[in-house]
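A quick write-up on the structure given underneath.
Protein chains: 2
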Amino acid sequence: MYSIGALSDRTGVKVPTIRYYEGIGLMPEAGRSAGNQRRYDGRGLERLQFIAHARGLGLSLEAIRHLLELSDKGRDCADAHQIAARHLGDIRARIARLQRLEAELARLSEVCDHAPGEPCGLIDALGDHRQCLGDH
Amino acid sequence: MYSIGALSDRTGVKVPTIRYYEGIGLMPEAGRSAGNQRRYDGRGLERLQFIAHARGLGLSLEAIRHLLELSDKGRDCADAHQIAARHLGDIRARIARLQRLEAELARLSEVCDHAPGEPCGLIDALGDHRQCLGDH
DNA sequence: TCTTGAACCTCTAGCGACTAGAGGTCCTAG
DNA sequence: CTAGGACCTCTAGTCGCTAGAGGTTCAAGA
């Protein structure tokens, strides 16, 4: 049996976060010691590891809730893959957007020659979308 | 003079968001009509365009607040470039992290052969970081 | 001039995914 | 038996908005 702190040490998930997960129903209500402190078994540990790993991969708690349900009853492969695929699409879209921002911001940082006394071209460019090459 | 709705149409920033920006001091308190409705001039429009554009580039409201201060008094080039550089570093770090996630998630989606009745390899892999190649 | 209805006003509460703090109780090693 | 670290609950704050309630103002058409 693990205390909440032991579970935290083993998973890297902070103690208040574990309680938060219980509050929103992602972790089941833990058993309690005589003095009302949470006690976890191996199943609790595994479940939290699943959550922590999926969070680390950037999945939302809602997506994780779905996956946990699938895992609990029957583990429907197709559904799980659909969730993963959606998330993958999401990640790719975010990468593409960030790359556009990166290019634009890098370019804007170059427009100004840092001449003392002169107005800063970067600040001007931030105020004026017409100086941009693409959308964002 | 523009109403808040006209400003919204011109900038693409939603009406409640403009009021929110005023509430947190990013937009100055607007002048009012006889009937207590906000009225903006060209300066208000420009300022909101600046904010909208910088937000579109992914800058935080805090960073934008800084840039606006610089713009208001003297426009210190070096400071502005430092803010932009920090944000650029931030964007690059996020891209790198997302690319790691993308690779890992794409790989995990492949481990399962979708055999009906078999446990889903994807769900197993999500619970078990040892099946991953890298950190995240 | 009057009427309609769209646009405006303020205020509060909610989202996701936590984090911080207050004020109090329990557990365990020495 | 005692000290102090770990635990408990509860509330409120973070960021950048968004939604809704309930009420007022504005502007165009009759």
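Protein chains in written order, with numbering that gives the first Met the number 0: chain W, 0 to 135; chain P, 0 to 135.
Each residue gets a CB set at the ideal place from its N, CA and C atoms; glycine is no exception.
In this structure, the CA atom of Arg-129(W) is about 48 Å from the CA atom of Gly-22(W). Put simply, the backbone Cα of Ala-105(W) is about 7 Å away from that of Leu-87(P). Along the stretch 22 to 52 of chain W, the positions whose C-beta sits under 7 Å from a C-beta of chain P are Glu-45, Gln-48, Phe-49, His-52, read in chain order. Not a single C-beta of chain P is nearer than 7 Å to the C-beta of Ala-92(W). Residues of the stretch 61 to 95 of chain W with a C-beta less than 8 Å from any C-beta of chain P: Leu-66, Leu-69, Ser-70, Arg-74, Asp-75, Cys-76, Ala-77, Ala-79, His-80, Ala-83, Ala-84, His-86, Leu-87, Ile-90, Arg-91, Arg-93, Ile-94, listed in chain order. Ala-62(W) and Ile-82(W) have their C-alpha atoms spaced approximately 7 Å apart. Beta-bridge analysis with DSSP links Gly-30(W) to Arg-38(W).
In the DSSP assignment, Asp-123(W) falls within the alpha helix (DSSP H) that extends over 120 to 126. For Asp-8(P), the enclosing alpha helix (DSSP H) covers residues 3 to 10. Nearest CB-CB separation between Glu-101(P) and chain W: below the 7 Å threshold. If you draw a 10 Å sphere on the C-beta of Leu-132(P), you find fewer than 16 other C-beta atoms in it, and that means exposed. Nearest neighbour of Ala-77(P) by Cα position, chosen from Glu-117(W), Arg-91(W), Cys-76(W), turns out to be Glu-117(W). Counting of Cβ neighbours within 10 angstroms places Glu-109(W) among the exposed residues, the total staying below 16.
7 Å or more divides the Cβ of Ala-79(P) from the Cβ of Leu-66(W). Gln-48(P) is classed as buried because its beta carbon has at least 16 other beta carbons within 10 Å across all chains shown. Neighbourhood of Ala-105(W) in chain P, by CB distance below 7 Å: Leu-87, in chain order.
In terms of Cβ geometry, Leu-56(W) and Leu-100(P) form a close pair [threshold 7 Å].
Closest option to Leu-125(P), judged by alpha-carbon separation, among Met-26(W), Cys-119(W), Tyr-19(W), Glu-45(W): Glu-45(W). In terms of beta-carbon proximity, Leu-132(P) stays away from the interface with chain W, with every pair separated by 7 Å or more.
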